[in-house]
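Numbering that gives the first Met the number 0 numbers the first residue of the sequence shown as 0 and each following residue consecutively. Structure, as structure tokens:
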Amino acid sequence: MDYETIIREADTLLREIKSLRALEKAELAQLWEYYRIGLTYSSNAIEGNFLTETETKIVIEDGLAVSGKPLRDHLEAVGHAAAFSLVHDVTSSTVIDEESIKKLHHIFYHRIDGENAGVYRNIKVIISGTGHLLPFPEKVPGLMKKLVAKLPEIEKNHPIIAAADLHTEFLNIHPFVDGNGRVSRLLMNMILVKYRYPVAIIPPIRRRDYMSAMKSSNSGNFNEIRTLVAEMSRESCRDYLRMFSDRKTKKTDLPDTLDNSGSKGMKITPY
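As structure tokens, then:
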């Protein structure tokens, strides 16, 4: 199924979500915690973190160490959960700029490597297993400036496409020494939440599809990653409706940004 069709299905589900009665404060807090744990576990697992979802929850919520698991895995869980706060705080007026991107990386990475947290890399990087050579370090600052300047144009597309494209263009620059994948998926969700879509999570079981999509994007083909992000957005809408299907009147209390459909005025364009 092509991504345009999947996006239309997601939009239909989103309209149904917006017809539901608003969540109570406690329910909304539980929903955001569900997203925080789920995205932290999945995003870290895709990058090789050994913590299970239950262990991730224990580390984040209880502050406990899991026996036999690397210290770095714990630090990644704590850091990602903290960085997720920037996704939680997104509103319709949020502007993603270089400062906010560096802040996102710093919050995630400073417990692991304080010297390089929030700082563009000064070394060459090759994506393991692909041989794909990323931009030379001296080009990174200029490329990031171009990406941020391009964001208003990216956001003229449908929010799901905008989220997928920002994620992918950022990842193809790989501006930091490490943690780029985690930051890219947080940025993706900042766009989705800005336009009142639920948080989208790419599960570890889809890692092979995700890596294939990113490999295709290296040659300028964004269709696969757009399709995958659209599928995950659609699934997040379905999850929301499964959790709160008993609420039938008035709008939901997703982040209070747009009052209309997130796709209104948006266009679907080929990359």
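Idealized CB from N, CA, C, for every residue including glycine.
Counting along the chain, the unbroken alpha helix (DSSP H) around Arg-14 starts and ends at 2-17.
The way I'd put it, the stretch 28-39 does touch the stretch 198-211; three or more beta-carbon pairs between them come closer than 8 Å. For Val-182, the enclosing alpha helix (DSSP H) begins and ends at 179-193. Nearest Cα to Ile-6 within the set Ser-42, Ile-159, Arg-71 and Ser-84: Ile-159.
In the structure shown, His-109 adopts coil according to DSSP, grouped into three states.
When the Cα atoms are used, Arg-241 and Leu-30 turn out to be separated by approximately 12 Å. For the 8 Å CB-CB criterion, His-166 and Leu-133 do not form a contact.
Under DSSP, His-104 forms no beta bridge with any residue. For the options His-87, Ser-92 and Ser-91, the alpha carbon positioned closest to that of Leu-103 is the one of His-87.
In this structure, the CA atom of Met-0 is about 23 Å from the CA atom of Ile-153. DSSP places Ser-42 in the uninterrupted alpha helix (DSSP H) bounded by 24-45. Take Ser-232, set aside five residues on each side of it, and the residues of its chain with a beta-carbon closer than 7 Å to its own are Ala-9, Ile-159, Leu-191, Tyr-196 and Ala-199, in chain order. Excluding sequence positions up to five before and after Val-139, its CB lies within less than 6 Å of the CB of Tyr-119 and Pro-174, all in the same chain and listed in chain order. Measuring C-alpha to C-alpha distances from Ala-44 to each of Val-176, Lys-68 and Leu-142 identifies Lys-68 as the nearest. Separation of Glu-23 and Arg-110 (C-alpha to C-alpha, rounded to the nearest whole angstrom) is 34 Å. Collapsing the DSSP output to three states places His-166 in a helix. Taking all protein chains shown into account, Glu-75 has 16 or more neighbouring C-beta atoms within 10 Å of its C-beta and is therefore buried.
The alpha carbon of Leu-85 has as its nearest neighbour, out of Lys-193, Val-176 and His-131, the alpha carbon of Lys-193. Around the beta-carbon of Arg-181, 16 or more other beta-carbon atoms lie within 10 Å, marking it buried. Shown here, His-173 sits in coil according to DSSP, grouped into three states, outside any helix or strand. Remark: C-beta atoms of Met-213 and Ile-224 approach each other more closely than 8 Å.
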